[in-house]
Amino acid sequence: MNYYIITGASRGLGKAVAENLLSKDNHLFCISTRINDDIITQAGLKDCGIDYFEYDFNFLEEMDMLAETIFERINFKKADSICLINNAGTVKPIAPVGNYPSFEIISNMNVNLISPMILISEFIKRTEDVDCDKKIVNISSGAAKNPYHGWGCYCGAKAAMDMFTGCVGLEQKDISNPVKIISFNPGVMDTDMQSDIRQTSVENFSQVEKFINLKQQGKLPSPDFVAKKLLELVHNNEIESGMLYSIDEL
């Protein structure tokens, strides 16, 4: 049995990843702020095991309980692979620093950085003695390397996540039963996040016209296309732990 833990599974890339994994050979643990009933229905039709958790990653104090619940439901003796895909994310707040309340900074860091760090830590701790294929994929962004006006929190969180990925990859390199961990830059996709970006004022995001033009020119790939590329990477045993991979390279 292959086990997949997918955050942000209700829409966008997370939803597409979940839909591409619906199979009787897989068991999905989906996590999002709102449950996507359609995924649960599809899982039933395809005889795919699924547990769906409605969870807000701003509630960090309960994440250890969430992780415990998930890993208690994994049959390690029958596990061929276990994979965590940290996909949940938010670009908000979109505005120059100094133009939003502190709680929006905290929320951005909770969702984009701290919650995936906790899940990674729990994953490693709870699978330390499990001898199977173990992978973690952190969804990155071009914003991790390129500063954007109005995206200070998002850029900062993604850059920190990439560095954290590199550190964990280094730590896991020479231990028994290592976890392979990578970052994946999916590029710009046709998602609800992009819709939010296009509705931002030019005062808060100076490059908004660029993203509007990408949509109008049909240059935004679908989440399904990106999900298929991501899963090709997940199932490639030659990936190097701690590295950043980009869809442009695949």
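Note that numbering that gives the first Met the number 0 has the sequence shown beginning at 0, numbered continuously upward. A virtual CB, placed ideally from N, CA and C, is assigned to each residue, including glycine. Keep in mind the model is a prediction, meaning the values are calculated, not measured.
#1: In angstroms, rounded to a whole number, what distance separates the CA positions of residue 34 and residue 111?
#2: Leaving out five residues on either side along the sequence, give the residues of the same chain with a beta carbon under 7 Å from the beta carbon of residue 17.
#3: Can you give me the start and stop residues for the alpha helix (DSSP H) that residue 39 sits inside?
#4: Return the residue from the list 149, 172, 168, 142 that minimises the CA-CA distance to residue 187.
#5: Kindly indicate the opening and closing residues of the beta strand (DSSP E) around residue 48.
#6: Residues in its own chain within less than 6 Å of residue 48 by CB, not counting five upstream and five downstream?
#7: Indicate whether residue 117 and residue 62 have their beta-carbon atoms separated by less than 7 Å.
#8: Beta strand (DSSP E) containing residue 187: first to last residue?
#9: May I have the straight-line CA-CA distance separating residue 170 from residue 211, to the nearest angstrom?
#10: Where does residue 133 fall in DSSP's three states?
#11: Residue 28 lies in the beta strand (DSSP E); which residues open and close that run?
#12: How many angstroms separate the CA atom of residue 227 from the CA atom of residue 149?
#13: Please state the DSSP three-state secondary structure of residue 176.
#14: Taking only the alpha-carbon atoms, compute the straight-line gap between residue 208 and residue 13 and give it to the nearest angstrom.
#15: Expressed to the nearest angstrom, what Euclidean distance is found between the alpha-carbon atoms of residue 237 and residue 134?
#16: Would you identify the three-state DSSP class for residue 123, choosing helix, strand or coil?
#17: With a Cβ-Cβ cutoff of 7 Å, do residue 181 and residue 244 count as a contact?
#18: Could you tell me the alpha carbon to alpha carbon distance between residue 31 and residue 0, rounded to whole angstroms?
#19: Do you know offhand how far residue 101's Cα is from residue 192's?
#20: My guess is that residue 172 and residue 240 are in contact by the Cβ rule of under 8 Å, so how many angstroms apart are they, rounded?
#21: Straight-line CA distance for residue 74 to residue 126?
#22: Would you kindly report the start and end of the unbroken beta strand (DSSP E) that includes residue 244?
#23: Taking the alpha-carbon of residue 123 as reference, which of 185, 164, 77 has the nearest alpha-carbon?
#24: Mind checking which residues open and close the alpha helix (DSSP H) that includes residue 80?
Checking against the coordinates, here is how it stands:
#1: 19 Å
#2: 5, 8, 27, 29, 38
#3: 36–44
#4: 142
#5: 48–53
#6: 26
#7: yes
#8: First-last for residue 187: undefined, no H or E at that position.
#9: 41 Å
#10: strand
#11: 25–31
#12: 31 Å
#13: coil
#14: 26 Å
#15: 12 Å
#16: helix
#17: yes
#18: 23 Å
#19: 21 Å
#20: 7 Å
#21: 11 Å
#22: 243–245
#23: 164
#24: Premise fails: residue 80 lies in the beta strand (DSSP E), 80–85, not in any alpha helix (DSSP H).
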